[in-house]
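Working notes, structure below.
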Amino acid sequence: MDKEQNDQRGYSNPDLAKTLGDLATQKYEHGDLSKVFDQLAITLLRQTVIATPKDEFNLREVEFYLYDEVLHPDTYAHKNKRQSEFGEWYFHRFTDIEPFLKSNRNGVDITFGNKERKIYGGVLIRKIENVKTKELIVGINKVARELIENIGRENVNDIALGKGQLVFDKENKLHLKVGNPNFSKAIYKTQRYGLTFKNEEKANWYYKAPYCYYNHDLNINTITEVRAGI
Numbered sequence: 001m002d003k004e005q006n007d008q009r010g011y012s013n014p015d016l017a018k019t020l021g022d023l024a025t026q027k028y029e030h031g032d033l034s035k036v037f038d039q040l041a042i043t044l045l046r047q048t049v050i051a052t053p054k055d056e057f058n059l060r061e062v063e064f065y066l067y068d069e070v071l072h073p074d075t076y077a078h079k080n081k082r083q084s085e086f087g088e089w090y091f092h093r094f095t096d097i098e099p100f101l102k103s104n105r106n107g108v109d110i111t112f113g114n115k116e117r118k119i120y121g122g123v124l125i126r127k128i129e130n131v132k133t134k135e136l137i138v139g140i141n142k143v144a145r146e147l148i149e150n151i152g153r154e155n156v157n158d159i160a161l162g163k164g165q166l167v168f169d170k171e172n173k174l175h176l177k178v179g180n181p182n183f184s185k186a187i188y189k190t191q192r193y194g195l196t197f198k199n200e201e202k203a204n205w206y207y208k209a210p211y212c213y214y215n216h217d218l219n220i221n222t223i224t225e226v227r228a229g230i
């Protein structure tokens, strides 16, 4: 299949790390970001798996968060210092494995930040699917716990606190693999979940921004502003 046919079918083969890196170094204008997020969603949901020593997982739902004071001041980004790093795993507010597991509100992001430019970026993983069993793991906390059980609790501190673009390191016990399309069903997008409305003009736009992407069956009554399939 040639590149033109790939594009027509909704597949793409961009360098995931490069595209995220371009976001972190302000290579795009604000008006380009929606298309960039669309392209990243196609790559993540159709061509990327999360690899662990035990199982591999297809991504089934992700949300994008990007805080750039000038270009994209998304007030809903955590702006955690971990999100200012590039290509790392951000286990939310992680200090150690035990307190992390005591909370039922923690999730995990793929980071694409830039400390020098004060850019905070994260791809929040909301749903994954076990490649072998087809089991769907739903919810940010359940996703985080499933990944922890697959990599071993004794290894989490090194991954959650370590540096070195671990997301793309094939030797790391938790990393991404980008390859052939794994799911051709239409991708949809809607506004992100669980956000608290803020009565501010800029915050209102980001509250409604359709930065949540999914490609599996979903109860239509639980979402708003479902956009056309990509």
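Residue numbers for the sequence shown follow the numbering used here, beginning at 1 and rising by one. By construction, the Cβ of each residue, glycine as well, lies at the ideal position given by its N, Cα and C atoms.
Which whole-angstrom value describes the C-beta separation of Q39 and T25, a residue pair presumed to lie in contact below a C-beta threshold of 8 Å?
With a Cβ gap of about 17 Å, Q39 and T25 do not count as contacting.
Residues in its own chain within less than 8 Å of K198 by CB, not counting five upstream and five downstream?
Here the set comprises T75, N204, Y207.
Under the three-state reduction of DSSP, which class applies to I187: helix, strand or coil?
Here I187 sits in coil by DSSP.
Assuming I97 contacts V156 (C-beta within less than 8 Å), just tell me the rounded distance between them.
Rounded, the Cβ-Cβ distance is 5 Å, consistent with contact.
Quick one: what's H72 bridged to in DSSP?
For H72, which the question treats as bridged, DSSP gives the partners D68.
If you follow the alpha helix (DSSP H) that E149 is part of, which residue opens it and which one closes it?
Its alpha helix (DSSP H) spans residues 140-151.
Is G121 buried or exposed, if buried means 16 or more other CB atoms sit within 10 Å of its CB?
Its Cβ being crowded by 16 or more others within 10 Å, G121 is buried.
Could you name the residues that DSSP lists as bridge partners for H92?
Paired residues: none, contrary to the question.
Please classify K163: does DSSP put it in a helix, a strand, or coil?
Coil, per DSSP.
Here's a check: name, in chain order, each residue in its chain whose Cβ is nearer than 8 Å to the Cβ of S163, leaving out the five neighbours to either side.
First, the amino acid is wrong: residue 163 is Lys here, not Ser. Cβ neighbours of K163 beyond the five flanking positions: E85, E88.
Can the beta-carbon of L131 be found closer than 7 Å to that of E56?
What sits at residue 131 in the sequence shown is Val, not Leu. Yes. Within cutoff.
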